[in-house]
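See structure below.
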Amino acid sequence: MTGLAIYGELNDGYVFKTSIGLAKSLLHEDCQVLASLGKKLAFEVAVGVNGVVWVNAKTTKNVTIISNAIMNSETMSPSEVEAMVTRLVEDADDA
(Lines of atoms letter the chains of each structure in order from A and count residues from 1; the text may use other names and numbers.)
(Lines give C-alpha, C1' and ligand atoms only; values in the text may rest on other atoms or scores of the structure.)
Protein backbone atom coordinates (compact mmCIF):
# COMPACT_ATOMS: atom_id res chain seq x y z
CA MET A 1 0.00 0.00 0.00
CA THR A 2 1.33 3.38 -0.96
CA GLY A 3 -0.80 5.50 1.32
CA LEU A 4 -1.29 7.90 -1.58
CA ALA A 5 -4.34 10.09 -1.06
CA ILE A 6 -5.47 11.88 -4.19
CA TYR A 7 -9.04 13.03 -4.60
CA GLY A 8 -10.56 12.61 -8.01
CA GLU A 9 -12.94 10.66 -10.17
CA LEU A 10 -12.81 6.88 -9.83
CA ASN A 11 -13.17 5.48 -13.34
CA ASP A 12 -14.11 1.91 -14.18
CA GLY A 13 -13.86 -0.59 -11.36
CA TYR A 14 -16.57 -1.89 -9.07
CA VAL A 15 -18.25 -0.21 -6.09
CA PHE A 16 -19.82 -2.11 -3.20
CA LYS A 17 -20.95 -1.45 0.36
CA THR A 18 -19.45 -3.10 3.44
CA SER A 19 -19.99 -2.67 7.14
CA ILE A 20 -18.35 0.32 8.77
CA GLY A 21 -16.26 -2.07 10.88
CA LEU A 22 -14.86 -3.80 7.81
CA ALA A 23 -14.20 -0.45 6.13
CA LYS A 24 -12.22 0.70 9.17
CA SER A 25 -10.18 -2.52 9.17
CA LEU A 26 -9.43 -2.04 5.45
CA LEU A 27 -7.98 1.38 6.27
CA HIS A 28 -5.39 -0.07 8.68
CA GLU A 29 -1.82 -0.47 7.43
CA ASP A 30 -1.76 -4.09 8.58
CA CYS A 31 -5.00 -5.15 6.85
CA GLN A 32 -4.60 -8.89 6.24
CA VAL A 33 -6.96 -9.25 3.29
CA LEU A 34 -5.41 -6.37 1.32
CA ALA A 35 -1.89 -7.59 2.13
CA SER A 36 -2.72 -11.15 1.02
CA LEU A 37 -4.39 -9.94 -2.17
CA GLY A 38 -1.49 -7.60 -2.90
CA LYS A 39 0.95 -10.52 -2.86
CA LYS A 40 -0.97 -12.22 -5.66
CA LEU A 41 -2.78 -9.56 -7.70
CA ALA A 42 -2.26 -5.97 -8.83
CA PHE A 43 -5.21 -3.74 -7.98
CA GLU A 44 -6.38 -0.34 -6.77
CA VAL A 45 -8.75 0.18 -3.88
CA ALA A 46 -10.43 3.20 -2.33
CA VAL A 47 -12.22 2.80 0.99
CA GLY A 48 -14.62 5.27 2.55
CA VAL A 49 -15.27 5.45 6.27
CA ASN A 50 -18.95 5.18 5.28
CA GLY A 51 -18.39 1.57 4.14
CA VAL A 52 -18.26 2.21 0.40
CA VAL A 53 -15.38 0.41 -1.35
CA TRP A 54 -14.15 0.89 -4.94
CA VAL A 55 -11.93 -1.77 -6.51
CA ASN A 56 -10.24 -1.79 -9.90
CA ALA A 57 -7.93 -4.37 -11.47
CA LYS A 58 -6.67 -5.43 -14.88
CA THR A 59 -9.46 -7.94 -15.51
CA THR A 60 -13.08 -8.35 -14.46
CA LYS A 61 -12.16 -11.75 -13.03
CA ASN A 62 -9.60 -10.14 -10.72
CA VAL A 63 -12.07 -7.44 -9.64
CA THR A 64 -14.51 -10.22 -8.72
CA ILE A 65 -11.86 -12.14 -6.76
CA ILE A 66 -10.78 -9.02 -4.87
CA SER A 67 -14.28 -7.82 -4.01
CA ASN A 68 -15.37 -11.31 -2.90
CA ALA A 69 -12.25 -11.73 -0.76
CA ILE A 70 -12.82 -8.37 0.92
CA MET A 71 -16.50 -9.06 1.64
CA ASN A 72 -15.81 -12.59 2.92
CA SER A 73 -12.89 -11.58 5.15
CA GLU A 74 -14.84 -9.70 7.81
CA THR A 75 -15.19 -12.56 10.30
CA MET A 76 -12.07 -14.55 9.36
CA SER A 77 -8.78 -14.93 11.21
CA PRO A 78 -5.57 -13.86 9.42
CA SER A 79 -4.70 -17.47 8.57
CA GLU A 80 -8.20 -18.07 7.20
CA VAL A 81 -7.94 -14.92 5.07
CA GLU A 82 -4.59 -16.06 3.64
CA ALA A 83 -6.01 -19.50 2.79
CA MET A 84 -9.16 -18.00 1.24
CA VAL A 85 -7.20 -15.60 -0.98
CA THR A 86 -4.87 -18.39 -2.12
CA ARG A 87 -7.82 -20.63 -2.95
CA LEU A 88 -9.76 -17.91 -4.80
CA VAL A 89 -6.74 -17.05 -6.97
CA GLU A 90 -5.89 -20.70 -7.67
CA ASP A 91 -9.52 -21.58 -8.49
CA ALA A 92 -9.71 -18.62 -10.88
CA ASP A 93 -6.51 -19.74 -12.59
CA ASP A 94 -8.01 -23.21 -13.10
CA ALA A 95 -11.21 -21.82 -14.62
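Take 1 as the starting number for the sequence shown in our numbering and just add one per residue. The beta-carbon is built from N, C-alpha and C at its ideal position, and this holds for glycine as well.
Next on the checklist: Taking the alpha-carbon of Phe16 as reference, which of Gly38, Cys31, Ser36 and Asn72 has the nearest alpha-carbon?
Outcome noted: On the sequence shown, residue 16 is found 16 positions in, with the first residue counted as 1. Minimum Cα distance to Phe16 is reached at Asn72.
Item to check | Alpha-carbon to alpha-carbon, Glu9 and Gly38 | outcome: Counted from its first residue, the sequence shown places residue 38 at position 38. Counted from its first residue, the sequence shown places residue 9 at position 9. The alpha-carbon atoms of Gly38 and Glu9 are separated by roughly 23 Å.
Checklist entry - Under a Cβ-count criterion, where at least 16 other Cβ atoms within 10 Å of its own Cβ denotes burial, should Thr59 be classed as buried or exposed? => result Here residue 59 corresponds to residue number 59 of the sequence shown, with the count starting at 1. It counts as exposed.
Next on the checklist: Give me, in chain order, the residues of the same chain whose beta-carbon lies closer than 6 Å to that of Val45; leave out the 5 immediate sequence neighbours on both sides.
Outcome noted: Here the question's residue 45 lines up with position 45 in the sequence shown. Excluding residues within five positions, the ones whose Cβ falls inside 6 Å are Val55.
Next on the checklist: Rounded to whole angstroms, what is the Cα-Cα separation between Leu26 and Val49?
Outcome noted: Looking up residue 26 in the sequence shown gives position 26. Looking up residue 49 in the sequence shown gives position 49. Whole-angstrom Cα-Cα distance: 10 Å.
Checklist entry - Hey, quick one: how far does the beta strand (DSSP E) through Ala46 stretch, first residue to last? => result Residue numbering aside, residue 46 sits at position 46 when the sequence shown is read from its first letter. Residues Phe43 to Val47.
Checklist entry - With distances taken from CA atoms, which of Leu41, Ala57 and Val85 is nearest Asn11? => result Counted from its first residue, the sequence shown places residue 11 at position 11. Closest by alpha carbon: Ala57.
Checklist entry - What residues in its chain sit with their C-beta under 8 Å from that of Asp30, if we drop five residues either side in the sequence? => result Position 30 of the sequence shown holds residue 30. Residues of the same chain with a CB within less than 8 Å of the CB of Asp30, apart from the 5 flanking positions on each side, do not exist.
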